[in-house]
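**Q** So the protein lines, in turn, are chains W and H. The UniProt record's numbering puts the first residue of the first sequence at 1, with every later residue one more than the last. The UniProt record's numbering puts the first residue of the second sequence at 1, with every later residue one more than the last. Ideal Cβ positions, reconstructed from N, Cα and C, are used throughout, including at glycine.
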Amino acid sequence: MTNELIAITVLWGFIFIYAVMATMDFGAGFWSMVYMNREKTKATNIANRYLSPTWEVTNVFIVAIVVALFSFFPGATFLLGTVLLIPGSIILLLLAIRSAFLVFAHIAKEYKKALTYISGISGLIIPALLISVLPITHGGFIETVDGVARLRMDKLFTSPHEYAFIGFAISSTLFLSSLLLADYSNVANELEAYQIYRRDALVLGPISLLMALFIMLTMQNEATWLYEQMMNYLPWIIGSIAMFFVAGIALFLPSAKQTTVKGRPRLAVVAIVVQYFLASYAYGKAHLPYMIYPDVTIQSGFTHPNTFRALFTSYIVGFVILFPGFVYFWRLFMKDKRYLQQNDPS
Amino acid sequence: MDDLVIARSLFGTTMAFHIIFATLGVGIPLMVLFAELLYQKTKDRDYAVMANRWTKGLAVLLGVAIPSGTIAGVQLSLLWPGFMEVIGRVMSLPFQIEIYAFFVEALFMSIYVYAADRISAWMRILSVTLVAIGASASAILITNVHAFEGTPAGFRIENGEIVDVDPWAAFFNPSFFVVAGHVVVSAFMTGAFVIASIAAYKMLREKNNQRVYQFHRKALMLGLTVGGIFSILTALNGHESAQLLHEYQPEKLAAAEGLFETQSHAPLAIGGYTDRETQSVKWAIEIPWALSFLAGNSFDTVVRGLNDFPEEWWPPLFVHTLFNAMVGIGSLLILLSGMGFIWNKIMKRNTFPRPLMWSFIAAGPLSILAIEFGWIFACTGRQPWVIYRMMKTADAVTQTGNLAILFILFTIVYVILGISVVLVLRYYFNRHPVMNELDSHSNDNSSNFAQ
């Protein structure tokens, strides 16, 4: 493996982890808004209980992505930073408002309603904007005038390809988060909440799959180079679709511990994460060697080799130090029944 | 206004806003740690209540510190793509390591806040220690990038190409330890004085409720002690920072002191403003020979003046005022905590006179002001360079345009967040008066209660 390949794999790994964690985070905010007024079910509580300890950790990943990008690929950062000034700034503003108000809603119960709306709605807009970076890297939306690169917003927002991605981002956000919350409420023995989230997942799953097909369809015309390369990874894509059906079946299997409800949500969650993993691997591999088509490749934008070596060392040391912390965190918030089953989340 | 000025204003506003919350995010965990330790040592429940309430406040502040820090981090690439291209190739290590520090802080902050009732007291102390270490390490590492901008090392630019890259030499650039140390000890100082301010204010208002009064008195004493120690450390370190400028960025020191002519036995100008026409500091108090002594520990140290440098390399001359304001406030804070110490420990008085109480109340806001002045001085004093003698700020700025509208939008959001954070804090602490928490522990604290 070349240095460039190692670097882009690390970056892709961060993006994948963030994509999964953030969809759950944004989705949970949305669900806690939707189910806010249903006092009998604990659907909102469950969403909040998941959200409270995790948003900070999730937020670190977005910084980690940006840092990995400019430290490994300064050349790509120059172009991306230049063209993404406006959309990037809007994302930042929304993220800032959302995170702050998420915390505020937690502390000031009286304003909870208004604050929950803010974080719920922004939770849908942010993923839609974030994912727009992908079609921009497919080429055709950046033009260079007098040596200065510019994003053609008009072209971007009249492109079906962009809207396919937006649709995919929103439906995936809601799908992944409802599935995870179904699993979370199942572990917490909140059966009513479990059934609500299971139903939501069953509705949203097929929609997100349709959106993925819509992406492929529009890609055929708008990013032919990428479409043709992706077809070389057809087995991965088929595997991905197969995992989707595994998850679907898992939600109809008899439950392992309950008699009144159906489904094995943990199996479904794992299957869906594998589904997205396979699909994004095929997409990422097909995207290479281009970071931004056709201007920047992973070789042309790469950092200085000495810097790469130092960074790589720091990654290994950092991982060794942090891993026990993550395990401890997981045990406290994702497994500990005392936390999952408390009546009033603090 | 041209794009460069707007870009600098936008990024400056982001930093000015972020730095308030970032500083408190570094300073308050240390206070929480001290309160936890004092609770373990004295078994006085009041300290546990303090730790709990400060953590609640900290959680709200972090709700702004973290997103505004995310903005600052990403805005670097958006507004200064030319700068970040160099940083990416040469100086990305501190950013990378800061991510780990940030993870440590985020993980253990969540554990400390949301799992406090399920983990042992020592695990709690370990968690809050890791929060404090993570926060301080983040501050040190990010400040290191700022240090690198002033004293770049570990690379050369040859025909526009970056060559001879040594990332560790860049990491351990000459001013790293002194500059990063300055930021951390001043943050500890600020966190402590903000706590002291609130406690002093509450003492004046709750004079008749002995139980609550005593609680805040303990908080005030803790805040003054920690603040006093770190204000002295800040001053000692500040002295080293000035000597560093003398060695590595002489025109910045010259602008800070309003010195135009290179000379030995240089005088120190306190106060006043620098006048470009007459090349002097007007209305200043001059202490003869003092600047030479401060810069090099001897009166015949030659201090270089601005006239040694081409005028387009001069920093803006108003930095003299910012520098004075920062040093002035710092000295005042040392004086204040010294007076508190003498009054309480040497003269053994139990209560402080009213004017002194009001000065304590001012200590927190003043510390934050000093931090702001210090940062503006440090960054405008480096102009016109973004990387000293390597890259001009004008060459690093984005070519995209449309910056004015972004400047307005970001400012509006900062105003909204700033107002909401105050409202939320007020709301929470009004709904949860400390009396309630003290009451619920009155059983094991009955002797205290009777005072």
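Rounded to a whole number of angstroms, what is the C-alpha to C-alpha distance between HIS304(W) and VAL90(H)?
**A** On the first sequence, position 304 is the one that residue 304(W) refers to. On the second sequence, position 90 is the one that residue 90(H) refers to. About 7 Å.
**Q** Please confirm whether ASN402(H) has its beta-carbon closer than 8 Å to some beta-carbon of chain W.
**A** One-based indexing of the second sequence puts residue 402(H) at position 402. It does; some Cβ of chain W falls within 8 Å.
**Q** The region 81-93 of chain W: which residues have C-beta closer than 7 Å to a C-beta of chain H, in chain order?
**A** Taking 7 Å as the Cβ-Cβ cut-off against chain H, the residues of the region 81-93 of chain W that qualify are GLY81, THR82, LEU84, LEU85, ILE86, GLY88, SER89, LEU92 and LEU93.
**Q** Is the separation between the beta-carbon of GLY263(W) and that of SER255(W) shorter than 8 Å?
**A** Here residue 263(W) refers to the residue found at position 263 when the first sequence is read from its first residue. Here residue 255(W) refers to the residue found at position 255 when the first sequence is read from its first residue. The answer is yes: Cβ separation under 8 Å.
**Q** Name the one or two DSSP bridge partners that LEU204(H) has.
**A** As a working mapping, residue 204(H) is identified with position 204 in the second sequence. According to DSSP, which records beta bridges pairwise, LEU204(H) is partnered with nothing at all.
**Q** Helix, strand or coil, according to DSSP, for MET291(W) in the structure here?
**A** Counting from 1 along the first sequence, the entry for residue 291(W) is found at position 291. Strand, per DSSP.
**Q** Could you tell me whether the Cβ atoms of GLN40(H) and ALA121(H) are closer together than 8 Å?
**A** Your numbering for residue 40(H) matches position 40 in the second sequence. Your numbering for residue 121(H) matches position 121 in the second sequence. Closer than 8 Å, so yes.
**Q** Which two residues bound the contiguous alpha helix (DSSP H) that contains LYS109(W)?
**A** Stepping through the first sequence from its first residue, residue 109(W) is reached at position 109. Note, LYS109(W): premise wrong, no alpha helix (DSSP H); not H, not E.
**Q** Just curious, the beta strand (DSSP E) that THR274(H) is in, first and last residue?
**A** As a position in the second sequence, residue 274(H) is number 274, starting the count at 1. Run containing THR274(H): 273-275, per the beta strand (DSSP E) assignment.
**Q** I need the straight-line Cα distance from ASP344(W) to ARG338(W), nearest angstrom please.
**A** Locating residue 344(W) in the first sequence gives position 344, where the first residue counts as 1. Locating residue 338(W) in the first sequence gives position 338, where the first residue counts as 1. Confidence at ASP344(W) is low in this model, with a pLDDT of 47, below 50, so the placement of that residue should be treated as unreliable; the coordinate-derived value is given next. In a straight line, the C-alpha of ASP344(W) is about 12 Å away from that of ARG338(W).
**Q** Counting only C-beta atoms, is SER314(W) closer than 8 Å to chain H at any point?
**A** Position 314 of the first sequence, counting from 1, holds the residue named residue 314(W). At least one chain H Cβ lies under 8 Å of SER314(W).
**Q** Could you confirm whether any beta carbon from chain H is found closer than 8 Å to the beta carbon of ASP344(W)?
**A** Within the first sequence, residue 344(W) is the residue found at index 344, counting from 1. At ASP344(W) the pLDDT is 47, less than 50, meaning the model places this residue with poor confidence; the figure from the coordinates comes in the next sentence. So, not an interface residue.
**Q** If I follow the unbroken beta strand (DSSP E) through ILE287(H), where does it start and stop?
**A** Residue numbering aside, residue 287(H) sits at position 287 when the second sequence is read from its first letter. Start and end: 285-287.
**Q** Kindly list, in the order they appear in chain H, the residues whose Cβ is closer than 7 Å to that of GLY205(W).
**A** For the purposes of this step, residue 205(W) is taken as the residue at position 205 of the first sequence. Those within 7 Å of GLY205(W) in chain H number zero; the least Cβ separation is about 30 Å.
**Q** Interface residues of chain W around PHE95(H) at Cβ under 7 Å?
**A** Walking along the second sequence from the start, residue 95(H) turns up at place 95. Per Cβ cutoff of 7 Å: VAL67 and SER71.
**Q** Give, in chain order, every unbroken run of the alpha helix (DSSP H) that is at least 4 residues long and sits entirely within the region 375-414 of chain H.
**A** Those alpha helix (DSSP H) runs which fall completely within the region 375-414 of chain H and span 4+ residues are 393-396.
**Q** Taking 8 Å as the threshold (C-beta atoms), are THR77(W) and GLY88(H) in contact?
**A** Position 88 of the second sequence, counted from the start, is the residue given in the question as residue 88(H). Position 77 of the first sequence, counted from the start, is the residue given in the question as residue 77(W). In contact: GLY88(H) and THR77(W) (Cβ atoms closer than 8 Å).
**Q** Given a threshold of 16 other Cβ atoms within 10 Å of its Cβ, counted over all protein chains shown, does TRP168(H) qualify as buried or as exposed?
**A** Here residue 168(H) corresponds to residue number 168 of the second sequence, with the count starting at 1. Flag for TRP168(H) reads exposed.
**Q** Would GLY13(W) be called buried (16 or more neighbouring beta carbons within 10 Å of its own) or exposed?
**A** Taking the first residue of the first sequence as position 1, residue 13(W) is located at position 13. Looking at its Cβ environment, which holds fewer than 16 other Cβ atoms inside 10 Å, GLY13(W) is exposed.
**Q** Residues of chain W with a CB under 9 Å from the CB of ALA180(H): which are they?
**A** Locating residue 180(H) in the second sequence gives position 180, counting from the first residue. Those within 9 Å of ALA180(H) in chain W number zero; the least Cβ separation is about 17 Å.
**Q** Can you tell me whether LEU226(W) is helix, strand or coil according to DSSP?
**A** Reading the first sequence from its first residue, position 226 is the one you call residue 226(W). LEU226(W) falls in the helix class under three-state DSSP.
**Q** Comparing the C-beta of ARG354(H) with each C-beta of chain W, is any distance below 8 Å?
**A** As a working mapping, residue 354(H) is identified with position 354 in the second sequence. So, not an interface residue.
**Q** Does THR278(H) come out as helix, strand or coil in the three-state DSSP assignment?
**A** The count along the second sequence starts at 1 and reaches residue 278(H) at position 278. Correct three-state label for THR278(H): coil.
**Q** Evaluate the contact criterion for the region 164-177 of chain W versus the region 423-439 of chain H: three or more CB pairs, one atom per stretch, below 8 Å.
**A** Output reads no: the region 423-439 of chain H does not touch the region 164-177 of chain W.
**Q** Where in the region 109-192 of chain H do unbroken runs of the beta strand (DSSP E), each at least 3 residues long, occur, reported from the N-terminal end onward?
**A** List check, beta strand (DSSP E) in window: 156-158 and 161-163.
**Q** Taking buried to mean at least 16 other C-beta atoms within 10 Å of its own C-beta, is TRP385(H) buried or exposed?
**A** Numbered from its first residue, the second sequence carries residue 385(H) at position 385. It is buried - the Cβ of TRP385(H) has at least 16 other Cβ atoms within 10 Å.
**Q** Can a CB atom of chain H be found closer than 8 Å to the CB of GLU143(W)?
**A** Locating residue 143(W) in the first sequence gives position 143, counting from the first residue. No, GLU143(W) does not count as interfacial toward chain H.
**Q** Starting from the beta carbon of PHE323(W), find every residue of chain H whose beta carbon is closer than 8 Å, and list them in chain order.
**A** In the first sequence, counting from the first residue as 1, residue 323(W) sits at position 323. Those within 8 Å of PHE323(W) in chain H number zero; the least Cβ separation is about 11 Å.
**Q** How would you call PHE165(W), buried or exposed, if buried means at least 16 neighbouring beta carbons within 10 angstroms?
**A** Position 165 of the first sequence holds residue 165(W). It is buried - the Cβ of PHE165(W) has at least 16 other Cβ atoms within 10 Å.
**Q** Excluding five sequence neighbours on each side, which residues of the same chain lie with their C-beta closer than 6 Å to the C-beta of ASN448(H)?
**A** The residue labelled residue 448(H) in the question sits at position 448 within the second sequence. Unreliable placement is indicated for ASN448(H), whose pLDDT of 34 sits below 50; the coordinate value is still reported in the next sentence. Hits under 6 Å: none found.
**Q** Under three-state DSSP, which class holds ARG150(W)?
**A** Residue mapping note: residue 150(W) aligns to position 150 of the first sequence, counting from 1. In the structure shown, ARG150(W) sits in a strand (DSSP, three-state: E or B).
**Q** With DSSP collapsed to three states, give me the class of ALA188(W).
**A** As a first step, residue 188(W) must be located in the first sequence, where it is residue number 188. Three-state result, ALA188(W): coil.
**Q** Work out the CA separation of GLY82(H) and LEU244(H) for me, nearest whole Å.
**A** Residue 244(H) sits at position 244 when you count from the first residue of the second sequence. Residue 82(H) sits at position 82 when you count from the first residue of the second sequence. If I take the Cα positions, the gap works out to 27 Å.
**Q** Does the structure place the region 113-129 of chain W close enough to the region 23-37 of chain W that three or more beta carbon pairs sit under 8 Å?
**A** At 8 Å Cβ cutoff, the stretches touch.
**Q** Comparing C-alpha positions only, which one of ILE342(H), ASN324(H), ARG389(H) and PRO267(H) sits nearest to GLU312(H)?
**A** Sequence index remark: in the second sequence, residue 312(H) carries index 312 (1-based). The candidate whose alpha carbon is nearest that of GLU312(H) is ARG389(H).
**Q** Using a 10 Å radius around the Cβ and a threshold of 16 neighbouring Cβ atoms, would you call VAL203(W) buried or exposed?
**A** In the first sequence, residue 203(W) corresponds to position 203, counting from 1. Answer is exposed; the Cβ neighbour count stays below 16.
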